[in-house]
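Note sheet for the following structure.
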Amino acid sequence: MTVSVDSTTSATANPPVPAPGSGSGSGSGSGSADGAQTLRPHAEDAFAAELAALAAQDDRPRPQRWKLSPWAVATYLLGGTLPDGTVITPKYVGPRRIVEVAVTTLATDRALLLLGVPGTAKTWVSEHLAAAVSGDSTLLVQGTAGTPEEAIRYGWNYAQLLAHGPSRDALVPSPVMRAMAEGMTARVEELTRIPADVQDTLITILSEKTLPIPELGQEVQAVRGFNLIATANDRDRGVNDLSSALRRRFNTVVLPLPESADAEVDIVSRRVDQLGRSLDLPAGPEGIDEIRRVVTVFRELRDGVTADGRTKLKSPSGTLSTAEAISVVTNGLALAAHFGDGVLRPGDVAAGILGAVVRDPAADRVIWQEYLEAVVRERDGWKDFYRACREVSA
């Protein structure tokens, strides 16, 4: 017997929360209960105008229950200009083919796994894909070491369960169950953080497109439009590695780090501008110099070599991701706005860089000091930055 799930039923006890490192939109966002603007609107709210413009001009075939065609979903992610002049801002700066493969995967019956090192926009891409495909990015399971099986399958309202026994009214559907019943896109963040036995709950869902409810002698069958996007961290290999059976159910797309310094500067500048406006922080044009400096430091220490290739460097234990660069610059803007003249300067980003680089106080501090003295000190035009870093590192 197949049972449908009422979308008004309360969600699982694992509510959708934004994952660390994910970005926020620049749009107006949905309001909270008291009418105030939300701090981090969902993608479908923040970019509602762009999604509506795409839908209005999208005359290409759409898979069943998709809000946009695959072409329009890719345009939403990568940016572009529509025939009526509407500008679609890029949400992801990277190889176009990666986005096209990800979107195409969602149009099939195969689930999508976004894999990459921390800070490569996996959560950001996952959210925007779900928003463009289903118009709802909130059907989310946030993976942790304590994620229970109920977060993926279903739970129970224990008051109803004790009063009346197992029943339809006592069942609390998970975001994945709701997505199956409604033909929507579900999201599972940090899949490899979830215990292996809980991960394997997905095998039947992804292979048979059904979720048994043995307590009721029923099942939920996925309707057309259902699919699942999972994210996993390269650095988490060996934590709760995916079984071969589960991995086969996914098409894996690896999100790389930005290929060039200019591309990374562009990403950081766009996100900092969005975050700065949402936090009412002024952004002076001079700030681009400090953004480029932060990106240069992160890339050189991450790659283990200076940009000119002449000096080999030791890499610290931290990831020094693009997301961390965005955080360092945003914090620097806040310092400049509240305790400076509003212009981003070396002293505003120095402490943030130190905190990002020195994760292991013993080993990383030595690496940072060597980099300061061997590279930063000798670099033309970096004297103010060197002094600021020395001051906070003392």
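Residues are numbered in the numbering used here as their position in the sequence shown, beginning at 1, plus a constant of 8. Don't be surprised by glycine CBs; every beta carbon is placed ideally from N, CA and C. Since the structure is predicted, the reported quantities are computational estimates derived from the model, not experimental observations.
In this structure, Val303 sits away from Ala358, with a CB-CB distance that is not shorter than 8 Å. At a Cβ-Cβ threshold of 8 Å, Ala138 and Ile202 do not count as neighbours.
Assigned with DSSP and collapsed to three states, Lys320 falls in strand.
Remark: three or more beta-carbon pairs, one from each stretch, lie closer than 8 Å, so the segment 140-151 and the segment 194-214 are flagged as touching.
When Cβ pairs closer than 8 Å are counted between the two stretches, the segment 98-111 is seen not to touch the segment 211-231, the count staying below three.
The alpha-carbon separation between Val273 and Pro156 amounts to approximately 39 Å. Rounded to whole angstroms, the gap between the alpha carbons of Arg279 and Ile334 is 7 Å. Taking every protein chain shown into account, the CB of Ala110 has 16 or more other CB atoms within 10 angstroms, so this residue is buried. One thing to note: Thr260 has its Cβ no nearer than 8 Å to the Cβ of Val125. Note that the C-beta distance between Ser323 and Arg310 is below 8 Å. Gly191 sits close to Gly233, with the two beta carbons spaced by under 8 Å. For the beta strand (DSSP E) assignment, the uninterrupted runs of no fewer than 3 residues enclosed by the segment 164-232 are, from N- to C-terminal side, 179-181, 193-197, 218-221, 226-229. A contact is defined here as three or more CB-CB pairs under 8 Å, and the segment 176-192 meets this definition with respect to the segment 160-167.
In this model, Asp392 and Pro354 are separated by some 6 Å (Cα to Cα). Rounded to the nearest angstrom, the gap between the Cα atoms of Gln65 and Leu90 is 8 Å. Gln377 has its alpha-carbon roughly 13 Å from the corresponding atom of Asp368. With a cutoff of 8 Å on beta-carbon distance, Tyr84 and Leu59 are scored as near each other. Measuring C-alpha to C-alpha distances from Trp74 to each of Ala119, Gly127, Leu120, Val141 identifies Val141 as the nearest.
Taking all protein chains in view, the Cβ of Pro49 is crowded by 16 or more other Cβ atoms within 10 Å, so the residue is classified as buried. DSSP places Ala315 outside any beta strand (DSSP E), giving it a letter other than H or E. Leaving aside the five residues that flank Lys217 on each side, the residues in its chain whose CB is nearer than 6 Å to its CB run, in chain order, Ala230. Residue environment: Phe347 is assigned as exposed (fewer than 16 neighbouring CB atoms within 10 Å of its CB, all protein chains considered). At the C-beta level, Val247 and Met188 stay beyond 8 Å of one another. Spanning the alpha carbons of Thr239 and Ala253 requires a straight line of approximately 17 Å. In the assembly as shown, Gly295 is a buried residue. Its beta-carbon has 16 or more other beta-carbons within 10 Å. Looking at the backbone, the Cα of Ala402 and that of Thr46 are separated by about 39 Å. In the assembly as shown, Pro222 is an exposed residue. Its beta-carbon has fewer than 16 other beta-carbons within 10 Å. About 28 Å separates the beta carbon of Ala342 from that of Leu263, a gap too long to meet the 8 Å contact definition. The three-state secondary structure of Gln72, taken from DSSP, is coil.
Taking the C-beta atoms as reference points, Asn241 is found no nearer than 8 Å to Ala119. Here DSSP, grouped into helix, strand and coil, assigns Asn259 to strand. Proximity to Thr209 across Leu170, Tyr166, Arg257 peaks at Arg257, based on C-alpha coordinates. If the five residues before and after Leu86 are omitted, its C-beta is found closer than 7 Å to the C-beta atoms of Pro98, Tyr100, Arg104, Val107, all from its own chain and listed in chain order.
Separation of Leu76 and Ser134 (C-alpha to C-alpha, rounded to the nearest whole angstrom) is 16 Å. Note on Glu298: 16 or more other CB atoms within 10 angstroms of its CB, so buried under the neighbour-count rule.
In this structure Asp349 is exposed. Its beta-carbon is surrounded by fewer than 16 other beta-carbon atoms within 10 angstroms.
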